[in-house]
Amino acid sequence: MEENLKQILDRLKDETSYARNPFDIEKIRVTYLGKNGLITQLKKKISKLPAEEKPMAGKLINETSKKAEKTLTQKSETLKKELLKQKIAEETIDVTAHFENHDSGHLALINQTLEELETIFQNMGFDVVEGLEIDTVKHVFDDLNSPADHPARSTSDTFYITDDILLRPHTSSMQIRVMNEGKLPIKMVSAGRVFRNDEVDATHSPMFHQLECLVVDENVSMANLKATLETFIKEMFGDDMQLRYRPHHFPFTEPSLEVDATCPVCRGEGCPACGNTGWSMELLGGGMVHPNVLEACGIDSEKYTGFAFGLGVDRIAMVKYGLNDIRLLYDNDKRFLEQF
Ligand code: PHE
């Protein structure tokens with residue numbers, strides 16, 4: 001019996017020394033110590049031995065069993081440590097390795113410009129109003145004092161959806177919507193997309209952006225319009241900016257004017273960007289709100305006056321960032337977008 005147990009233990013030790021992973025150990029455990037394992041079977045035979053041999057045999061088998069257990073546990077621990085070491089070695093991070101970084105996106109230049117403009121006006125106490133891109137003929141033309149034969153109303157200039165519903169060709173329709181709400185005084189800006197049936201070229205796009213400004217209160221004068229524009233343009237482009245006012249005509253303002261600003265590239269010296277004039281042309285149109293427009297919205301034009309203007313946002317972005325082609329703003333060329 002003793003010899004037999006010794007052989008069994010030696011075999012177990014031998015097999016264990018070849019084990020490569022926890023599964024091998026488990027297999028050995030089952031072979032020797034499992035329900036029908038070699039050592040377990042010997043334990044079962046004790047009862048058949050003569051009485052005087054039983055204690056000795058029991059003791060020997062228990063000792064062998066413990067030694068077997070210990071051998072297996074030790075090997076198992078060693079294997080676990082080795083496997084861990086191996087895993088750590090395999091998973092070491094190579095800090096010198098170079099991987100392509102994922103680019104994170106950002107707002108397009110035109111939206112950055114819109115936000116910048118809105119912030120400037122908010123800081124001057126203006127409300128920012130969300131605008132509708134699809135609107136009615138009444139809001140876009142009729143109530144803005146634009147006669148039925150006004151050229152802008154024709155289908156060659158404006159995208160109609162039905163006879164009465166259209167893609168707004170300017171943000172001035174927001175003047176009507178805000179005045180119709182009936183709350184006075186008004187001090188608001190509303191920026192967004194506008195649509196005109198224009199051929200695409202370096203300075204035209206059938207979709208572009210405007211920012212509309214409207215102030216209505218008692219005693220609002222041209223001086224308020226001038227002060228607002230000059231504060232805005234200096235905030236946007238710097239304190240040395242000058243504005244130049246030219247008489248113009250819009251059906252919804254009287255008097256009306258167009259405004260040019262010092263060319264921010266050459267600061268008025270004259271350069272290719274401004275065609276050597278020293279001025280950025282036609283940044284905005286505006287004027288004093290026509291009494292007919294106030295009356296169409298139920299506002300007493302004897303008591304209240306107002307000013308309004310519409311800024312070309314794309315033009316502002318082009319001047320500010322020195323772009324020579326409006327299409328750059330919409331082409332989604334990464335080489336362009338990544339610069340801002
Ligand atoms: N809506 C005019 C345009 O699109 C600009 C404008 C706005 C003029 C407000 C006067 C007052 O050209």
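Everything in the sequence shown is counted per the numbering used here, starting at 1 for the first residue and increasing by one. Note that beta-carbon positions come from the ideal geometry of N, C-alpha and C, so glycine has one too.
1) The alpha helix (DSSP H) that contains Met124, what's its start and end?
2) Ile165: which of Gly285, Met179, Ile134, Asp149 sits nearest, CA to CA?
3) Is Val265 close to the ligand PHE? I mean its beta-carbon at under 8 Å from any heavy atom of the ligand.
4) Spatial neighbours of Thr231 within its chain, please: C-beta separation below 7 Å, excluding the five flanking residues on both sides.
5) Going by beta carbon distance, what residues of the same chain come within less than 8 Å of Tyr321, once the five residues before and after it are set aside?
6) Examine the ligand PHE and report whether any of its heavy atoms sits within less than 8 Å of the Cβ of Thr253.
7) Applying the criterion that 16 or more other CB atoms from any shown protein chain within 10 Å of the CB defines a buried residue, is Ala191 buried or exposed?
8) Pick out whichever of Asp260, Asn4, Gly287 has its Cα sitting closest to the Cα of Cys274.
9) Please state whether DSSP places Pro272 in a helix, a strand or coil.
10) Quick check on DSSP: helix, strand or coil for Lys45?
11) Going by the C-beta, is Gly192 closer than 8 Å to any heavy atom of the ligand PHE?
12) Does the distance between the C-beta of Gly285 and the nearest non-hydrogen atom of the ligand PHE fall short of 8 Å?
13) Which residues in the same chain have their Cβ closer than 6 Å to the Cβ of Asp143, if we skip the five residues on either side of it in sequence?
14) Would you report the Cα separation of Asp314 and Asp300, rounded to the nearest angstrom?
15) Rounding to the nearest angstrom, what Cα-Cα distance links Ala227 and Cys213 in this structure?
16) By Cβ distance below 7 Å, which residues in the same chain neighbour Gln341 in space, the five residues on each side in sequence not counted?
17) If I'm right that Thr31 touches Leu38 with Cβ under 8 Å, what's the distance once you round it to whole angstroms?
18) Could you check whether Asn180 and Asn292 sit closer than 9 Å to each other, using their CB atoms as the reference points?
19) Quick check: the Cα distance between Asp163 and Val140, rounded to an integer number of angstroms?
20) Is there at least one non-hydrogen atom of the ligand PHE closer than 8 Å to the beta-carbon of Glu100?
21) Tell me which residue opens and which closes the alpha helix (DSSP H) that Gly286 is part of.
22) Throw me the rounded Cβ distance for the Ile8 and Thr64 pair, which I believe falls under 8 Å.
23) Pick helix, strand or coil for Gly310, following the three-state DSSP scheme.
24) What whole-angstrom Cβ distance do Val189 and Gly306 have, given they're in contact under 8 Å?
25) Give the DSSP-derived three-state secondary structure of Ser256 in the structure shown.
26) Could you check which residue in Val319, Asp217, Leu184, Ile161 has the C-alpha nearest to that of Cys271?
27) Do the CB positions of Gly286 and Leu257 come within less than 9 Å of each other?
28) With DSSP run on the structure shown, which of helix, strand or coil describes Ile8?
29) Which residues does DSSP pair with Thr136 in a beta bridge?
30) Rounded to the nearest angstrom, what separates Phe250 and Ser280 at their Cα positions?
31) With 16 other CB atoms within 10 Å as the buried threshold, where does Lys75 fall?
32) Quickly, what does DSSP pair Ser190 with across the bridge? List them, please.
33) Taking 8 Å as the cut-off, is the C-beta of Gln175 nearer than that to any heavy atom in the ligand PHE?
34) With DSSP as the reference, please indicate the residues paired to Asp217 in a beta bridge.
35) How about His209 and Gly312: are their beta carbons less than 9 Å apart?
So, from the data block:
1) First-last for Met124: undefined, no H or E at that position.
2) Ile134
3) no
4) Cβ neighbours of Thr231 within its own chain (closer than 7 Å, five residues either side excluded): Met124.
5) Close CB contacts of Tyr321 within its chain, under the 8 Å cut and outside five residues either way in sequence, are with Leu109, Phe340 (chain order).
6) yes
7) buried
8) Ranking Asp260, Asn4, Gly287 by Cα distance to Cys274 puts Asp260 first.
9) helix
10) helix
11) no
12) Yes.
13) Ile176, Ala296
14) 35 Å
15) 13 Å
16) Given that the chain is displayed from residue 1 to residue 340, the structure contains no residue 341 and the question cannot be resolved.
17) The C-beta distance from Thr31 to Leu38 rounds to 7 Å, short enough to meet the 8 Å contact threshold.
18) Not in contact: Asn292 and Asn180 (Cβ atoms no closer than 9 Å).
19) 13 Å
20) No, the Cβ of Glu100 stays beyond 8 Å of every heavy atom of the ligand PHE.
21) For Gly286, there is no enclosing alpha helix (DSSP H); the enclosing beta strand (DSSP E) covers residues 279-289.
22) 7 Å
23) strand
24) Not a contact, Cβ separation roughly 14 Å.
25) Assigned with DSSP and collapsed to three states, Ser256 falls in strand.
26) Val319
27) Using a Cβ distance threshold of 9 Å, Gly286 and Leu257 count as a contacting pair.
28) helix
29) Ile165
30) 20 Å
31) buried
32) Glu212
33) yes
34) Thr305
35) yes
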